[in-house]
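Note that this note's numbering gives residue 504 to position 48 of the sequence shown, counting from 1, and the numbers run on in steps of one.
Let me begin by presenting the structure, written as structure tokens, before commenting on it.
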Amino acid sequence: MNRVAEIVEYHLTREKIIYRINEGEDLFIVRSIRSKNESYMVIRENDKWSCDCHSFKYHSGTNELGQCKHILSIIFLLQEGVEILLA
Ligand SMILES: [Zn+2]
457 MNRVAEIVEY
467 HLTREKIIYR
477 INEGEDLFIV
487 RSIRSKNESY
497 MVIRENDKWS
507 CDCHSFKYHS
517 GTNELGQCKH
527 ILSIIFLLQE
537 GVEILLA
């Protein structure tokens, strides 16, 4: 299973790990599955996504648009119409 699918499945079937910070704003928190004290901040501004994780910063394990697994998980949930709850 790829890492995006793993995050999405975990969020949907085990425990909520993705939250929206403010109503009406595309600012999200994604908690790490493996280290419970870690979390990442994902934001969309003017249709440009960014994340504060290591992978996004150094373009390792990102897709051709430079999007990391945290960004892709959120995009997937939004496309599927899954409501992301407020933190
Ligand atoms: Zn990330």
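The beta carbon of each residue, even a glycine, is placed where N, CA and C say it ideally should be.
Terminal residues of the alpha helix (DSSP H) in which residue i lies
i, result
"residue 513", "510-514"
"residue 465", "459-469"
Residue i burial status per 10 Å Cβ neighbour count (16 or more: buried)
i, result
"residue 523", "buried"
"residue 510", "exposed"
"residue 529", "buried"
"residue 496", "buried"
"residue 515", "exposed"
Residue from the options whose Cα sits closest to the Cα of residue i
i, options, result
"residue 502", "539, 510, 518, 481", "481"
"residue 525", "477, 479, 475, 486", "486"
"residue 534", "475, 492, 520, 470", "475"
"residue 539", "468, 459, 460", "468"
"residue 494", "505, 506, 473", "473"
Residue i - containing beta strand (DSSP E), residue span
i, result
"residue 474", "474-476"
Quick check on the DSSP output: what are the complete alpha helix (DSSP H) runs of length 4 or more inside the segment 483-541, in order along the chain? Qualifying alpha helix (DSSP H) stretches, in chain order: 510-514, 525-535.
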